[in-house]
Amino acid sequence: MNDTNKNNTVLRFLTCGSVDDGKSTLIGRLLFDTKTILTDTLSQIEKSSKKRGMSAIDLSLITDGLQAEREQGITIDVAYRYFSTGTRKYIIADAPGHEQYTRNMVTAASTSQLAIILIDARKGILTQTKRHSYLTKLVGIKHIVIAVNKMDLIDYDESKYQSICDDYKIFASAIGLDQSGTNIQFIPMSALNGDMIVDRNNFINWYKGPTLLEVLESLDTREDIKESALRLPIQYVCRPRDSDNKELHDFRAFMGRIESGLLQINDKIKVLPSNQESTIKEIRIGDKILKKGIFEESVTVSLHDEIDVSRGDMLVHANDNLTATKGFTAKVCWLSETNLSPNRTYLVMHTSRTSKAKIASINSKVNINTLELEEAIDLKTNDIADVTFKLAQPLIVDKYADNRGTGAFIIIDESTFHTVGAGMIESID
Amino acid sequence: MKEKISHLDWLESEAIHIMREVAGQCANPVLLFSGGKDSLCLLRIAEKAFRPGRFPFPLMHIDTGHNYPEVINFRDKKANELGERLIVASLEDSMQKGTIVLKQKDEPRNKYQSITLLEAIEEYEFDCCIGGARRDEEKARAKERIMSFRDEFGQWDPKNQRPELWNLYNAKVHKGENIRAFPISNWTEMDVWQYIEREKLDLPSIYFAHKRDIVRRGGAIVPITNVTPAKPDEKVENLTVRFRTVGDITCTAPVASEADTVEKIIMETASTVITERGETRLDDQVSEASMEQRKKEGYF
Ligand SMILES: Nc1nc2c(ncn2[C@@H]2O[C@H](COP(=O)(O)OP(=O)(O)O)[C@@H](O)[C@H]2O)c(=O)[nH]1
Ligand SMILES: [Mg+2]
């Protein structure tokens, strides 16, 4: 099914679950059944499987890529995989299930629109399941598939499957998943045998819902561009002054990716944080002149007035009441092995702007096992906490719940330049 | 009004965004340009990202000296058309300096490319190299970041990568350290061909079906050239072939194919059963982890 259809859209999703729930097998199965795995890869995997004394092909070897992992037989980092059907191009992020890898899951989830949470049908809902569901909600994923896997090991028992679903629904409403507009789909499956992934299975004919691939294929990923506010962070300013072409001497254009909303010719806009106003003269991508640009498009725009715009500024519609801020409170996932030092200065990278930042307070920490808030004085790897920041330069931010693109930021260590934290803005000062 | 852009538009937009981040964050970047199809896609993306301005980086070719002349001519013509500066860093120079010592005269030179690359990075003080690697090419690449950090020795440490979230790319480095930026990380071979078709990109002629003298060696088709002569007992055939990748002559093999247009190549790619690297890169088959090993040593 290696298609040639050019009008595909992209869907990004991740798989999560505890160790050995079958994530890698599930992905291997999806790639295998959609004919994405090519013969030389398969023969390599066959060789590896044999080397480890396995008789059948181990589909999980397709995704477990790095040398260290192959040796230890575990997934140690986020791996990206691709397949495509007549309808879509898929980008899969394989997130490992070990407790210490919460940060990898947050990383994988940050670019995903859908999460597949695996549950081992023999074990039902575990602490890990709850943790992954919480993280999915935290990172703002609106579509969840609860994949009740290894149904073959419980004889495809419908009542056991039902009771897992019921347990999950109770938990989902306890953490407010049902109120957050998240759509949850339950599917019984066997990743090993390929049941309900792409093909159906007679043992599960009591299940009338869609297969996993059907869910993926039919998901509506479009955005209501008129409903959402225009956000165009400027990445780069084009001033071809030194060009041989004299007409270009005064030409200035502003370049960036539309994070949300709709931009049209003649729209009245303003530049933040300076608040200067103008109207859109031209929108283009390369040579192509456009009447409009929509979210996720990287555009080049020019304005009717000569106003000052630089990297880090943001174009919004003139009637928008968004303003720049020098402080906010955010849910932070700490990614570094080195603890956060509350007295240090960090860099906050947000859209195309970076500011120095100080920690005003660590308000609370989420106990990832009970999902309750606890008092916090420090932040360690994989901690998730409520942190208030003070910024040296103003940033133009939205709440993460309103806009993933302008509500997210990363924290960078000023001396090592490592990415040490990820933040999602909850309230703005 | 609900909308979503097509997958090619999405991939292109992501790549443009990444290139502009390089331009915005890095002081002295360079784009690695081989004349191959992936780097030709990068050039089109750079045009869309920066025109009518000039590219905020020069182009650089790491020249092994083992090239098909069609590709080198094409490389020079392309740089000329674009009016952008082309730097050629050649392995021959490193050999003269004594930093590359070949074990055998005509051995494959791919593995030595990293030495010349690192020397060029040091000489020109580049803080970022934009490359056309894709995650679908190889297992180790599937886990590499879009902005991938390298230490002063050009080494990649897969266990100590910077986490990469949303579309926030941290390209900050200290002097001597380096970022490798891969704007088409998320593209597959099919995406590349579809993009070439849509953008009507010109390619070196060896990508299209042509007659060539070859021998068959251990399942692979080996082209006969001055650096890869036939062994005495081998039968030379004149076969219609095309290349799926272009690189060092000694380790790039063509495939038997009648596809002489982009459209036909897309049809062939859609029904192909062997991955690009498996079929045509003679150097990756050696060990299951060979690419990972070379990346750690500073290969692209
Ligand atoms: N019986 C059965 N075994 C499965 C199924 N899915 C996965 N497994 C097995 O469970 C083990 C762990 O699978 P893996 O995909 O590596 O799990 P991961 O740690 O979540 O990636 C492997 O031995 C798989 O073959 C299933 O549906 N049924
Ligand atoms: Mg796994």
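Here the protein sequences come in this chain order: A and B.
Be aware that the first sequence starts at 1, since it is given in this note's numbering, and climbs by one per residue.
Be aware that the second sequence starts at 430, since it is given in this note's numbering, and climbs by one per residue.
No residue lacks a Cβ here, since even glycine has one placed at the ideal position from N, Cα and C.
Worksheet entry | Same chain, Cβ closer than 6 Å to A:S298, neighbours up to 5 away in sequence not counted | For A:S298, same chain residues with a beta-carbon under 6 Å away, outside a window of 5 residues either side, are R257 in chain order.
Worksheet item: Under a Cβ-count criterion, where at least 16 other Cβ atoms within 10 Å of its own Cβ denotes burial, should B:M489 be classed as buried or exposed?
Response: Counting every other CB atom within 10 Å of its CB across the protein chains shown gives B:M489 a total of 16 or more, marking it as buried.
Worksheet item: Which of the three DSSP states, helix, strand or coil, is assigned to A:M424?
Response: Reduced to three states, the DSSP call for A:M424 is strand.
Worksheet item: In chain A, what lies closer than 9 Å to B:P487 by C-beta?
Response: Going along chain A, no residue has its Cβ under 9 Å from B:P487, so there is no contact; the nearest lies around 15 Å.
Item to complete: Taking only beta carbons into account, state which residues of the region 200–231 of chain A come closer than 9 Å to chain B, listed in chain order.
Response: Listed by position, the residues of the region 200–231 of chain A near chain B (Cβ gap below 9 Å) are D220, T221, R222, E223, D224, I225, K226 and E227.
Fill in: Among A:I294, A:T354 and A:K288, the one whose alpha carbon lies nearest that of A:R311
Considering only A:I294, A:T354 and A:K288, the residue with the shortest C-alpha distance to A:R311 is A:T354.
Worksheet item: Is the shortest distance between the beta-carbon of B:M430 and the beta-carbons of chain A less than 7 Å?
Response: Closer than 7 Å: yes.
Discussion item. Please return the same chain residues whose Cβ sits closer than 8 Å to the Cβ of A:L216, not counting the five positions on each side in sequence.
Written reply: L11, F13, R88, Y90 and L114, listed in sequence order.
Discussion item. Would A:Q276 and A:I234 be called neighbours here (beta carbons separated by less than 7 Å)?
Written reply: The answer is no: Cβ separation not under 7 Å.
Worksheet item: Which residues in chain A sit within 8 Å of B:G648, going by Cβ to Cβ distance?
Response: None at all; the shortest Cβ gap to chain A is about 10 Å.
Discussion item. In whole angstroms, give me the CA-to-CA distance for A:I396 and A:D429.
Written reply: One C-alpha to the other measures close to 12 Å.
Fill in: A:A253: CB within 6 Å of a non-hydrogen atom of ligand 1
Incorrect: A:A253 has no Cβ contact closer than 6 Å to ligand 1.
Fill in: Assigned secondary structure, B:N502 (DSSP; H/G/I helix, E/B strand, else coil)
Helix at B:N502.
Worksheet entry | Neighbourhood of B:E692 by C-beta distance below 8 Å, restricted to the same chain and skipping five residues each side | Excluding sequence neighbours, B:E692 sits near E626.
Item to complete: Whole angstroms is fine: what's the gap from B:R645's alpha carbon to B:V651's?
Response: If you draw a straight line from the Cα of B:R645 to the Cα of B:V651, it comes to about 6 Å.
Discussion item. Could you check if A:A147 belongs to the surroundings of ligand 3, using beta carbon to heavy atom distance under 6 Å?
Written reply: Inclusion of ligand 3 in the displayed structure is not the case, the ligand content consisting of ligand 1 and ligand 2 alone.
Practice prompt. Taking B:G648 as the reference, give the member of B:P633, B:P487, B:P683 and B:I474 with the closest Cα.
Written response: The shortest C-alpha separation from B:G648 is found at B:P683.
Item to complete: Have a look at A:S336 and A:I412 and give me their C-alpha separation to the nearest angstrom.
Response: A direct Cα-to-Cα measurement between A:S336 and A:I412 gives close to 10 Å.
Worksheet item: By DSSP, does A:K142 sit in helix, in strand, or in coil?
Response: If DSSP states are grouped into helix, strand and coil, A:K142 belongs with coil.
Practice prompt. Evaluate B:S716 with the Cβ neighbour count: other Cβ atoms within 10 Å of its Cβ, from every protein chain shown; 16 or more gives buried, anything less gives exposed.
Written response: Because B:S716 sits at a pLDDT of 42, beneath the cut-off of 50, its placement in the model cannot be relied upon, and the following sentence gives the value as read from the coordinates. Exposed.
Discussion item. Let me confirm a value: A:R404 is counted as buried when at least 16 other C-beta atoms fall within 10 Å, else exposed. Which label applies?
Written reply: With at least 16 other beta carbons inside 10 angstroms of its own, A:R404 counts as buried.
Practice prompt. Go ahead and label A:V78 buried or exposed: buried means 16 or more other beta carbons lie within 10 angstroms of its beta carbon, across all protein chains shown.
Written response: A:V78 comes out buried.
Discussion item. Here's the rule I'm using: 16 or more other beta-carbon atoms within 10 Å means buried, otherwise exposed. How should B:V675 be labelled?
Written reply: Around the beta-carbon of B:V675, 16 or more other beta-carbon atoms lie within 10 Å, marking it buried.
Worksheet entry | Minimum Cβ-Cβ distance from B:K572 to chain A less than 7 Å | The C-beta of B:K572 comes closer than 7 Å to at least one C-beta of chain A.
Discussion item. Beta-carbon within less than 8 Å of B:E666's beta-carbon, same chain only, minus the 5 sequence neighbours each way: which residues are those?
Written reply: D642, I643, V644 and R645, listed in sequence order.
Item to complete: Please classify A:Q276: does DSSP put it in a helix, a strand, or coil?
Response: In this structure, A:Q276 counts as strand in the three-state DSSP scheme.
Discussion item. Within 10 Å of its beta-carbon, does B:K431 have 16 or more other beta-carbons around it, so buried, or fewer, so exposed?
Written reply: So B:K431 ends up on the exposed side.
Practice prompt. Could you name the residues of the same chain whose beta carbon sits closer than 7 Å to that of A:S278, not counting the 5 residues immediately before and after it, in chain order?
Written response: Only I269, L303, H304, D305 and I307 meet the Cβ criterion.
Discussion item. Between B:N667 and chain A, is any beta-carbon pair separated by less than 7 Å?
Written reply: Closer than 7 Å: no.
Worksheet item: Do you know whose CA, among B:G527, B:S543, B:E618 and B:G583, lies nearest B:D492's CA?
Response: Nearest option by C-alpha distance: B:S543.
Discussion item. Given 6 Å as the limit, tell me if A:G22 has its C-beta closer than that to any heavy atom belonging to ligand 1.
Written reply: A:G22 Cβ: within cutoff of ligand 1.
Fill in: Burial state of B:F582 (16 or more Cβ within 10 Å)
Classification of B:F582: exposed, given that the 10 Å Cβ count is below 16.
Discussion item. Can you give me the C-alpha to C-alpha distance between B:D522 and B:V500, rounded to a whole angstrom?
Written reply: Computed Cα separation, rounded: 20 Å.
Worksheet item: Comparing the CB of B:A571 with every heavy atom of ligand 1, is any distance shorter than 6 Å?
Response: Closer than 6 Å to some heavy atom of ligand 1: that does not describe the Cβ of B:A571.
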